[in-house]
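Student:
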Amino acid sequence: MVRTAEIDAAKGTVHLQRFTVAYEYPVCFTECLFDPGNPLLTEVLGRLEPERRHRCVAFVDDGVLEARPGLVDELAGYARHHAARMELVAPPFPVPGGERVKNELFFIEQMQQRLFEHRIDRHSYVIALGGGAVLDAVGLVAATTHRGVRLIRVPTTVLAQDDSGVGVKNGVNLYGVKNFCGTFAPPFAVLNDLDLLTPLAERDKIAGMAEAVKVALIRDGEFFAWLERHADDLITFERPALAAMIRRCAELHMRQIAHGGDPFETGSARPLDYGHWSAHKLESLTKHHVRHGEAVAIGIALDARYSVLAGLLAEGQDGRICALLEHLGFRLWHPALEAGRPDGSLALFEGLREFREHLGGELTVTLLEDVGRGIEVHEIDEGRMRAALRWLKDRVETP
Ligand SMILES: NC(=O)c1ccc[n+]([C@@H]2O[C@H](COP(=O)([O-])OP(=O)(O)OC[C@H]3O[C@@H](n4cnc5c(N)ncnc54)[C@H](O)[C@@H]3O)[C@@H](O)[C@H]2O)c1
Ligand SMILES: [Zn+2]
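So this is what it looks like as structure tokens:
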């Protein structure tokens, strides 16, 4: 490391620029967000300037609109009711739901054009309503328009409410690499409405539970045991169990971001990305036919077995982890895990390189030393990982 004094001597005077910026955003849990009687949205809009009439543009996931066509009118009705405090400058714009919106820069430009046409400035609001993919794409638009306009996230999937929506990242996919283009940009506020999850497909409700299992495994063994005890309620989407799972999972993610010491991931570690090096690769290998949460469930199982083979985790805990994931409805195998390259290597292992490159620095993969306690390692043995893959395949395919 070059010390300031050395630069000083070599090049003349150096002024070391340094400042700190504190971030703060509310993450709210509510029901019936767009019921005119629910003041939450207007309160959040007016958090900094309570007397002003705030200009807003809304982008809505078309999957949500299909499942709940009345939502556009509800939002417009809410804005009319609260016209003294908010102005919806145009009817909500639908955007393609799911990974489609992250795979084409065209959609980013189209959204940016809307903000230009409606003269959205840095004190106006972009309201993003949708799953994790739409929030990621709209988040990038908001973060880069005028170098950052205020973003209110309204997550509409379990995964977006318990993980992606409460965090500080956005991004889209480029060159076949997940989240190749994106920024760290904390939102202005996050509004989690349990009712918005009602029309979500079963598959997507389940997918979001993988992130709860993940964060429990690396941070909170007691939460993992809670998930085991409540698995029956979770698979039937019992409201109290689902609400409690989302809340605890969101809290654990927020705690890591606020207190983990590296909210913008400048180091080499991504502690919240346990099970993700293979998950991201599996998503691209399957051209996103496997959902993020589904791929994460497989990644969790694979790295749990690897942790046992590496002598870090007690034998049997891998089976326990797989049993919970299977109980929740995950299938822990996909043929793409075995896709080969011409040189005989597994395409999956490119995921390790991409994982390292995404951060820079040293390869850092989180494994498990106990249920509830993650441990970082800097090397993955491919032979051992192949053995973990065989174990997983046998487990799923042997009746
Ligand atoms: N930024 C982050 O920190 C972060 C963290 C984790 C995941 N992610 C990203 O999140 C994305 C996955 O998000 P996801 O799991 O929320 O799924 P998704 O956004 O891909 O949505 C899945 C499907 O559900 C539909 N949908 C969304 N809400 C609905 C509702 N209420 N009713 C009916 N249909 C609805 C969508 O249209 C889509 O077809 C991935 O791109 C992943 O990379 C980002
Ligand atoms: Zn994830």
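Start counting the sequence shown at 1448; every next residue gets the next number (the working numbering). For each residue, glycine too, the CB sits at the ideal point set by N, CA and C.
1. Is it buried or exposed for Gly1510, if we count other Cβ within 10 angstroms and need 16 for buried?
2. Within its chain, find whatever has a CB closer than 8 Å to the CB of Val1660; leave out the 5 residues flanking it on each side and keep chain order.
3. What three-state label does DSSP hand Cys1479 in the structure shown?
4. Helix or strand or just coil, what does DSSP make of His1700?
5. Hey, quick one: how far does the beta strand (DSSP E) through Asp1583 stretch, first residue to last?
6. I need the straight-line Cα distance from Leu1793 to Glu1741, nearest angstrom please.
7. Output needed for Tyr1472: all residues of its chain with C-beta closer than 8 Å, excluding positions within five of it in sequence on either side, in chain order.
8. Assign Asp1790 to one of two classes, buried (16 or more other C-beta atoms within 10 Å of its C-beta) or exposed (fewer than that).
9. Give me the Cα-Cα distance between Ala1514 and Gly1577, rounded to the nearest whole angstrom.
10. Between the segment 1479-1488 and the segment 1524-1542, are three or more C-beta pairs nearer than 8 Å?
11. Could you give the residue range of the alpha helix (DSSP H) that holds Asp1642?
12. Under the rule that 16 or more other beta-carbon atoms within 10 Å means buried, what is Glu1730, buried or exposed?
13. With DSSP collapsed to three states, give me the class of Met1448.
14. Going by C-alpha distance, which of Asp1520, Ala1523 and Leu1719 is nearest Asp1667?
15. Would you identify the three-state DSSP class for Leu1836, choosing helix, strand or coil?
16. Tell me, which residues are paired with Thr1813 by DSSP?
17. Within 7 Å: the Cβ of Glu1730 and any heavy atom of ligand 2?
Tutor: The answer reads as follows:
1. buried
2. Phe1671, Leu1674, Ala1744, Ile1747, Ile1768, Leu1771, Leu1772 and Leu1775, listed in sequence order.
3. coil
4. Three-state DSSP puts His1700 in a helix.
5. No beta strand (DSSP E) holds Asp1583; the alpha helix (DSSP H) holding it covers Gly1579 to Thr1591.
6. 20 Å
7. Pro1633, Pro1634, Phe1635, Ala1636 and Val1637
8. Answer is exposed; the Cβ neighbour count stays below 16.
9. 12 Å
10. The segment 1479-1488, when compared against the segment 1524-1542, does touch it at the 8 Å Cβ threshold.
11. From DSSP, Asp1642 is part of no alpha helix (DSSP H); its letter is neither H nor E.
12. buried
13. Note on Met1448: pLDDT 49, under 50, position unreliable in the model; the coordinate value appears next. Reduced to three states, the DSSP call for Met1448 is coil.
14. Leu1719
15. In this structure, Leu1836 counts as helix in the three-state DSSP scheme.
16. The partner list for Thr1813 (beta bridge, DSSP) reads Glu1823.
17. no
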